[in-house]
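Student: Numbering (full-length UniProt numbering), first residue to last: 1 to 103.
We put the beta carbon where it would ideally sit given N, CA and C, even for glycine.
These figures come from a predicted structure and were not determined experimentally.
Mind looking over this structure? Questions follow.
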């Protein structure tokens with residue numbers, strides 16, 4: 001069996017050592033949420049102003065919701081957006097068993 005000289009720590013190990021793992025995971029999750037909301041907006045033909053109106057909020061809140069870098073969105077805002085677009089959210093938690101995460 002040959003050993004690979006470039007095999008070593010995982011990206012998660014590197015990010016954890018760097019102290020940025022949580023931030024990277026948070027931003028990745030926000031990108032997925034934004035993508036899902038944008039897909040639902042496209043399927044329902046709802047624009048940002050209409051979404052804000054359906055959520056009974058301002059367009060500024062919708063802009064923050066759709067900003068991939070703004071990770072401070074509340075669960076309440078997500079629920080409002082989901083309801084306005086006919087979506088439901090499912091949160092699943094599990095143990096981190098050290099296996100590689102999906103890309």
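(1) How big is the Cα-Cα spacing for residue 48 and residue 69?
(2) For residue 33 and residue 18, what's the separation of their Cα atoms in angstroms?
(3) For the alpha helix (DSSP H) containing residue 49, list its first residue and its last residue.
(4) May I ask you to verify whether the segment 56-63 touches the segment 19-33, counting CB pairs closer than 8 Å and requiring at least 3?
(5) Comparing the CB of residue 69 with every heavy atom of the ligand FAD, is any distance shorter than 7 Å?
(6) From 53, 26, 25, 11, pick the residue whose C-alpha is nearest to that of residue 81; which is it?
Tutor: By the coordinates alone:
(1) For the purposes of this step, residue 48 is taken as residue 48 along the chain shown, with counting starting at 1. For the purposes of this step, residue 69 is taken as residue 69 along the chain shown, with counting starting at 1. C-alpha separation (whole angstroms): 18 Å.
(2) If you number the chain shown from 1, residue 33 lands on position 33. If you number the chain shown from 1, residue 18 lands on position 18. Taking the straight line from one Cα to the other gives about 25 Å.
(3) What you label residue 49 is simply residue 49 of the chain shown in a count that begins at 1. Counting along the chain, the alpha helix (DSSP H) containing residue 49 begins and ends at 48-55.
(4) no
(5) You won't find the ligand FAD in this model; it holds no ligand whatsoever.
(6) Reading the chain shown from its first residue, position 81 is the one you call residue 81. That would be 53, whose Cα lies nearest to the Cα of residue 81.
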